[in-house]
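Everything on this sheet refers to the single structure shown next.
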Amino acid sequence: MSGNFLTCNRLNLTYMLILVCFIWFDWCDSLEKGGSKIDHFTLGQRIKYVRSMKKVRQSELAKGICSVSYLSKVENDNIVPSEDVEHALLKRLGIFHEDKSLDQVLSNRLDRWFSTINNKEREAFTREYELIKQQLSVTTNELILIKFKVYSVRYFMELKEYNEVHSILEDLRQSKFIMDYPTLYYYEKYQGAFNYKFKKFQQSSGHYEAARKYCEFIDITPKEKASLHYSLGLVNGKLNKNQQSIEYTKKSLSIYQSLYEFENCVHAHILLGILYKRSSQHTEAIEEYLKAGELSRVGGFTTVLHTIEHNLGTLYSHLNKSKLAIQHFNSSLQNECTCEDRLNTHISLSKEYFKSGKKDEAKKTLAEMAKALPELDGISELTLKEYELLTKIYSEDIDSLDKRLIKELLPLFEEANQLRSIAEYLSFIADYLYENGKYKKSSRYYALSYKYLNKSIT
1 MSGNFLTCNR LNLTYMLILV CFIWFDWCDS LEKGGSKIDH FTLGQRIKYV RSMKKVRQSE
61 LAKGICSVSY LSKVENDNIV PSEDVEHALL KRLGIFHEDK SLDQVLSNRL DRWFSTINNK
121 EREAFTREYE LIKQQLSVTT NELILIKFKV YSVRYFMELK EYNEVHSILE DLRQSKFIMD
181 YPTLYYYEKY QGAFNYKFKK FQQSSGHYEA ARKYCEFIDI TPKEKASLHY SLGLVNGKLN
241 KNQQSIEYTK KSLSIYQSLY EFENCVHAHI LLGILYKRSS QHTEAIEEYL KAGELSRVGG
301 FTTVLHTIEH NLGTLYSHLN KSKLAIQHFN SSLQNECTCE DRLNTHISLS KEYFKSGKKD
361 EAKKTLAEMA KALPELDGIS ELTLKEYELL TKIYSEDIDS LDKRLIKELL PLFEEANQLR
421 SIAEYLSFIA DYLYENGKYK KSSRYYALSY KYLNKSIT
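Residue 367 in the UniProt record's numbering is what sits at position 367 of the sequence shown, and the numbering runs on without skipping anything.
So, in structure tokens, the structure goes:
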């Protein structure tokens, strides 16, 4: 009896495995054809799904076409409707293609518009947006309208209108199940970009990974593939997955090099420099920064020279090579950059002078920064706190600082993952306390500094 029971179970398991394989191969076949999921629905499933998505009641859809009970049978695939009824139901739901040639014209126009967005032709893509919106009013093709919404995400991200981006993405969530695979790819990629923008790195990674999977089944340009790999490099770096980040960034760089996309090569070299520094591969990091710098100067991409020189300064500071660090920080200040970046470089340069015993130079550099502060808006809280912290250290106003350091400043630096900066500031304070005979308190700060220094390395 138990033998028969086991045999039956094995047979059932075998049949289940065969069924799963059939489903799997059918799904893979649909992916290779690049079709949308709705194309594989039965007529009844399609009507029921779109009706539910659009929140249309059965009585509203059936009115003047057929009875509610007849519609229910159609949706459950218990009956095949006449051609006239099918036509009327689909048309009322807005998924009947009356003019396929017009849909193709609209689709091609959307692709051309999308190309102007990717090429950052601002005047062209803003003008075309309004014209396309008007032209889309004549189509009821759900897939064309969804494609427009997905491309609009990219459009509004380029314009930095993030509330609009959020609204469209929320609206598109219900439409995922009827997107074709190219549209799904861009939907996932832009979800990833939007989450990355707002520092939701875990969610961003999930969407980018989904985009990478869809990427395998559609035709995209090498440049688009390089862009995806670079994005995956960025987000994995934020999640401290250094090795994965390096692999994706190298793939991106290789493609950009083959396409002679030198400006994008520069950004990939910079990211690799950051990742190698974090992995304590300092020689490799320096090489990447030097390649980025050379390519920037030859190609005229001067806007990134500040970042490259600043990063080299930070790396040499990390290696306790103050002379080289100061040299690169000063070089960084000779290049154009944002106000925030310039202030951060002043802070780094000031700290480096202080570390190397040039306290007058440290105070002078901070004073130059102070002149610019009243005229600046939108400076981050972290930058302002760093300025305040250094001011108190240089003026030896440690007692007032000591009372609120742990409570207010340390959490702010921890949130920004500025662990090495915390260690440096704690060390400055410990030195001051030691020099003033406060040995017990100074030892506490030295221990805390050492703790944060270790955390920054691991």
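For each residue, glycine too, the CB sits at the ideal point set by N, CA and C.
Straight-line Cα distance separating residue j from residue i
{"i": "residue 277", "j": "residue 141", "result": "51 Å"}
{"i": "residue 196", "j": "residue 309", "result": "25 Å"}
{"i": "residue 270", "j": "residue 430", "result": "34 Å"}
{"i": "residue 121", "j": "residue 152", "result": "15 Å"}
{"i": "residue 160", "j": "residue 168", "result": "14 Å"}
{"i": "residue 182", "j": "residue 58", "result": "32 Å"}
{"i": "residue 331", "j": "residue 311", "result": "11 Å"}
{"i": "residue 460", "j": "residue 434", "result": "Outside the shown range of the chain (1 to 458) lies residue 460, about which nothing can therefore be said."}
{"i": "residue 349", "j": "residue 326", "result": "6 Å"}
{"i": "residue 27", "j": "residue 335", "result": "Unreliable positioning characterises residue 27 in this predicted model, as indicated by a pLDDT of 41, which lies under 50. A coordinate reading is not provided."}
{"i": "residue 354", "j": "residue 362", "result": "5 Å"}
{"i": "residue 379", "j": "residue 329", "result": "20 Å"}
{"i": "residue 342", "j": "residue 367", "result": "14 Å"}
{"i": "residue 357", "j": "residue 408", "result": "28 Å"}
{"i": "residue 417", "j": "residue 190", "result": "26 Å"}
{"i": "residue 280", "j": "residue 319", "result": "10 Å"}
{"i": "residue 78", "j": "residue 69", "result": "11 Å"}
{"i": "residue 306", "j": "residue 264", "result": "16 Å"}
{"i": "residue 246", "j": "residue 221", "result": "22 Å"}
{"i": "residue 395", "j": "residue 401", "result": "11 Å"}
{"i": "residue 337", "j": "residue 201", "result": "26 Å"}
9 Å Cβ cutoff met for residue i and residue j
{"i": "residue 317", "j": "residue 304", "result": "no"}
{"i": "residue 252", "j": "residue 210", "result": "no"}
{"i": "residue 51", "j": "residue 61", "result": "yes"}
{"i": "residue 268", "j": "residue 256", "result": "yes"}
{"i": "residue 149", "j": "residue 131", "result": "no"}
{"i": "residue 47", "j": "residue 74", "result": "yes"}
{"i": "residue 323", "j": "residue 424", "result": "no"}
{"i": "residue 315", "j": "residue 286", "result": "yes"}
{"i": "residue 235", "j": "residue 273", "result": "no"}
{"i": "residue 455", "j": "residue 426", "result": "no"}
{"i": "residue 53", "j": "residue 175", "result": "yes"}
{"i": "residue 106", "j": "residue 144", "result": "yes"}
{"i": "residue 345", "j": "residue 313", "result": "yes"}
{"i": "residue 413", "j": "residue 382", "result": "yes"}
{"i": "residue 178", "j": "residue 49", "result": "yes"}
Residue i - DSSP class collapsed to helix/strand/coil
{"i": "residue 308", "result": "helix"}
{"i": "residue 80", "result": "coil"}
{"i": "residue 195", "result": "helix"}
{"i": "residue 416", "result": "coil"}
{"i": "residue 313", "result": "helix"}
{"i": "residue 92", "result": "helix"}
{"i": "residue 118", "result": "helix"}
{"i": "residue 283", "result": "helix"}
{"i": "residue 66", "result": "coil"}
{"i": "residue 221", "result": "coil"}
{"i": "residue 56", "result": "coil"}
{"i": "residue 126", "result": "helix"}
{"i": "residue 301", "result": "coil"}
{"i": "residue 525", "result": "Summary: the structure shown does not reach residue 525, with the chain confined to residues 1 through 458, and so no result is reported for it."}
{"i": "residue 45", "result": "helix"}
{"i": "residue 213", "result": "helix"}
{"i": "residue 261", "result": "coil"}
{"i": "residue 395", "result": "coil"}
{"i": "residue 175", "result": "helix"}
{"i": "residue 139", "result": "coil"}
Residue environment, residue i, which counts as buried when at least 16 other CB atoms sit within 10 Å
{"i": "residue 93", "result": "buried"}
{"i": "residue 384", "result": "exposed"}
{"i": "residue 411", "result": "exposed"}
{"i": "residue 198", "result": "exposed"}
{"i": "residue 437", "result": "exposed"}
{"i": "residue 237", "result": "buried"}
{"i": "residue 249", "result": "buried"}
{"i": "residue 240", "result": "exposed"}
{"i": "residue 154", "result": "buried"}
{"i": "residue 300", "result": "exposed"}
{"i": "residue 112", "result": "exposed"}
{"i": "residue 283", "result": "exposed"}
{"i": "residue 302", "result": "exposed"}
{"i": "residue 108", "result": "exposed"}
{"i": "residue 439", "result": "exposed"}
{"i": "residue 480", "result": "As displayed, the chain neither begins before 1 nor continues past 458, which places residue 480 out of reach and without an answer."}
{"i": "residue 457", "result": "exposed"}
{"i": "residue 123", "result": "exposed"}
{"i": "residue 80", "result": "exposed"}
Near the ligand MG: residue i beta-carbon under 8 Å from a heavy atom
{"i": "residue 277", "result": "The ligand MG is absent from the structure shown, which contains no ligands of any kind."}
Min CB distance residue i to chain C below 9 Å
{"i": "residue 313", "result": "In the structure shown, chain C does not exist; there is a single protein chain."}
Spell out a yes or no on whether the segment 120-133 and the segment 77-90 are touching, meaning 3 or more CB-CB pairs, one atom from each, closer than 8 Å. no
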